[in-house]
Ligand SMILES: C[C@H](OP(=O)(O)OC[C@@H](O)[C@@H](O)[C@@H](O)CN1c2cc(O)ccc2Cc2c1[nH]c(=O)[nH]c2=O)C(=O)N[C@@H](CCC(=O)N[C@@H](CCC(=O)O)C(=O)O)C(=O)O
Ligand SMILES: CCCCCC(=O)CC
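Residue numbers (the numbering used here): -16 to 313.
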């Protein structure tokens, strides 16, 4: 499968208009997809933003020419109703044929707790995500009104009057082995986050493929997409520190416990040692360094890169891909 290089334009790290300018610049440089975080609260507090992803997507689709645009990722189970999620992405894809996708996942306390005060266990949120996907597919595919009684969601003669001509591509986040298998079973493509390459190659991707095969799909035709942050600067230490905004994601308890307060996340993020940031995110001084790192993940089986630019000089972090993209796509 051909490698795809996408740009993750963060609207929790940057103001929405700045992220939009980045997306336009990234498309001109050769990034073929644009991804946006779907958050209510951000992963850092100081100087953070947190715009609404679907509003931003409409503007991004209009401002870019042909890039594929998707969330990375939307949690369709608590703060959003899956029927409204289905309606939103059907509308966007009808307006911008072939250019719109959605990635879904079981959510984060940061986004769900502040506006619902609910935080079910991981297994329950995974079960809710599967049912939410079922609801979304029914609404996207049905030619007649749909009634459905589920464990978590109900539909009563629900019908989407605005639909695209083709399917909305569905990516599904699997970070753990069970999540990866569910992705294979219930979605078109895998979305995951950076992990060590042995785990990706020997656990995450095989579990995804196992789920896909069980559901009668051909995993070779399904993308293995991954979000990873990068920071590039001629001064290596500065490059490493550039990724600090996202260091909270490297603290496992942030996923295990009900942490929804950005100042608390920031406190943990600031304690993450720079060696840990360097090991988990892409830190480079030049294009060569980025190419080497991307090749490493290609060898592990990743086919679509969603690259979050956390470089001290953001435009330098985009423009350097004029050299990186031809090398890693070749
Ligand atoms: C927590 C793991 O679950 P999993 O289903 O695999 O992954 C969850 C993620 O998909 C979500 O948290 C997702 O919403 C995060 N996310 C995101 C993910 C991604 O791949 C790319 C980009 C993003 C950006 C983004 C996200 N979320 C948003 O809301 N908005 C965004 O923009 C996991 O580890 N699962 C394990 C099972 C773990 C488990 O069940 N543990 C037990 C206890 C175990 C023990 O301690 O003994 C429990 O907690 O009850 C698995 O194997 O699936
Ligand atoms: C381990 C990182 C999971 C993704 C965190 C996130 O929400 C990024 C936007």
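All C-beta atoms, glycine included, are put in the ideal place defined by N, C-alpha and C.
Paired residues, beta bridge with residue 214 - DSSP:
Taking the first residue of the chain shown as position 1, residue 214 is located at position 231. 266.
Under 8 Å by Cβ, that's how I've got residue 86 and residue 180 pegged, so tell me the actual separation to the nearest angstrom.
Translated into the one-based positions of the chain shown, residue 86 becomes position 103. Translated into the one-based positions of the chain shown, residue 180 becomes position 197. Actually they do not touch by this definition, with Cβ atoms about 21 Å apart.
Through-space distance from residue 277 to residue 209, alpha-carbon basis:
The count along the chain shown starts at 1 and reaches residue 209 at position 226. The count along the chain shown starts at 1 and reaches residue 277 at position 294. Each residue's alpha carbon lies about 11 Å from the other.
Bridge partners for residue -13 per DSSP, in chain order?
Residue mapping note: residue -13 aligns to position 4 of the chain shown, counting from 1. Looking at the DSSP assignment, residue -13 forms a beta bridge with 287.
Let's see if you can read the secondary structure: which residues bound the beta strand (DSSP E) around residue 26?
Working through the chain shown from its first residue, we reach residue 26 at position 43. Here residue 26 belongs to no beta strand (DSSP E), and DSSP marks it neither H nor E.
Whole angstroms are fine: how far does the CA of residue 197 sit from the CA of residue 52?
Stepping through the chain shown from its first residue, residue 52 is reached at position 69. Stepping through the chain shown from its first residue, residue 197 is reached at position 214. Between residue 52 and residue 197, the C-alpha separation is close to 29 Å.
Sort out for me which residues DSSP pairs residue 172 with in a bridge.
Indexing the chain shown from 1 puts residue 172 at position 189. Looking at the DSSP assignment, residue 172 forms a beta bridge with 154.
Return the Cβ separation of residue 20 and residue 60 in integer angstroms, given the expectation that the two are a contact with Cβ distance under 8 Å.
Translated into positions along the chain shown, residue 20 becomes position 37. Translated into positions along the chain shown, residue 60 becomes position 77. Actually they are not in contact, since the Cβ atoms of residue 20 and residue 60 sit about 17 Å apart, beyond 8 Å.
Paired residues, beta bridge with residue 85 - DSSP
One-based indexing of the chain shown puts residue 85 at position 102. According to DSSP, residue 85 bridges with 153.
Should residue 175 be counted as a contact of ligand 1 given a C-beta to heavy atom distance under 7 Å?
Here residue 175 refers to the residue found at position 192 when the chain shown is read from its first residue. At a cut-off of 7 Å, the beta-carbon of residue 175 counts as near ligand 1: some heavy atom of the ligand is closer than that.
Indicate the three-state DSSP secondary structure (helix, strand or coil) for residue 182 in the structure shown.
Translated into the one-based positions of the chain shown, residue 182 becomes position 199. In the structure shown, residue 182 sits in a helix (DSSP, three-state: H, G or I).
Does the beta-carbon distance from residue 292 to residue 301 come in below 8 Å?
Position 309 of the chain shown, counted from the first residue, corresponds to residue 292. Position 318 of the chain shown, counted from the first residue, corresponds to residue 301. In contact: residue 292 and residue 301 (Cβ atoms closer than 8 Å).
Using the C-alpha atoms, what's the distance from residue 82 back to residue 261?
Here residue 261 is taken as the residue at index 278 of the chain shown, counted from 1. Here residue 82 is taken as the residue at index 99 of the chain shown, counted from 1. Roughly 33 Å between the two C-alpha positions.
Inspect the CB distances between the region 182 to 199 and the region 111 to 122 and report whether three or more fall short of 8 Å.
These segments do not touch.
Taking the continuous alpha helix (DSSP H) assigned at residue 311, which residues delimit it?
Within the chain shown, the letter at position 328 stands for residue 311. That run of the alpha helix (DSSP H) goes 304 to 312.
Three-pair Cβ contact test at 8 Å for the region 120 to 129 versus the region 140 to 148
yes
So which of 298, 266 and 54 has the shortest CA-CA distance to residue 219?
As a working mapping, residue 219 is identified with position 236 in the chain shown. Of the candidates 298, 266 and 54, the one whose C-alpha sits nearest the C-alpha of residue 219 is 266.
Looking at residue 91 and ligand 1, is the gap between the Cβ and the nearest heavy atom below 7 Å?
Position 108 of the chain shown holds residue 91. Correct: residue 91 has its Cβ closer than 7 Å to ligand 1.
What do you get for residue 155, buried or exposed, if any count of 16 or more other CB atoms within 10 angstroms of its CB means buried?
Translated into positions along the chain shown, residue 155 becomes position 172. Per the 10 Å Cβ criterion, buried.
Are at least three pairs of beta-carbons, each pair with one atom in the region 26 to 41 and one in the region -12 to 3, less than 8 Å apart?
Short answer: they touch.
Identify the residues that DSSP records as bridge partners of residue 141: which are they?
Here residue 141 corresponds to residue number 158 of the chain shown, with the count starting at 1. When DSSP reads this structure, residue 141 sits in a beta bridge with 129.
Residue range of the beta strand (DSSP E) that includes residue 19
Locating residue 19 in the chain shown gives position 36, where the first residue counts as 1. It spans 16 to 19 - the beta strand (DSSP E) in which residue 19 sits, taken as one unbroken run.
Just to confirm my understanding: we take residue 113, look at its own chain, exclude 5 residues before and 5 after, and list those with CB closer than 7 Å. What are they?
Taking the first residue of the chain shown as position 1, residue 113 is located at position 130. Around residue 113: 165 and 169.
Nearest candidate by alpha-carbon position, reference residue 178, set 126, 203, 259 and 55
As a first step, residue 178 is located in the chain shown; it is residue number 195 there, counting from the start. Nearest option by C-alpha distance: 259.
Residue 109 beta carbon less than 8 Å from that of residue 89
Looking up residue 89 in the chain shown gives position 106. Looking up residue 109 in the chain shown gives position 126. Contact: yes.
When the Cα atoms are used, what is the spatial distance from residue 238 to residue 160?
Indexing the chain shown from 1 puts residue 238 at position 255. Indexing the chain shown from 1 puts residue 160 at position 177. Taking the straight line from one Cα to the other gives about 15 Å.
Separation of residue 127 from residue 68, as counted between CA atoms:
Position 85 of the chain shown, counted from the first residue, corresponds to residue 68. Position 144 of the chain shown, counted from the first residue, corresponds to residue 127. Looking at the two C-alpha atoms, the distance is approximately 19 Å.
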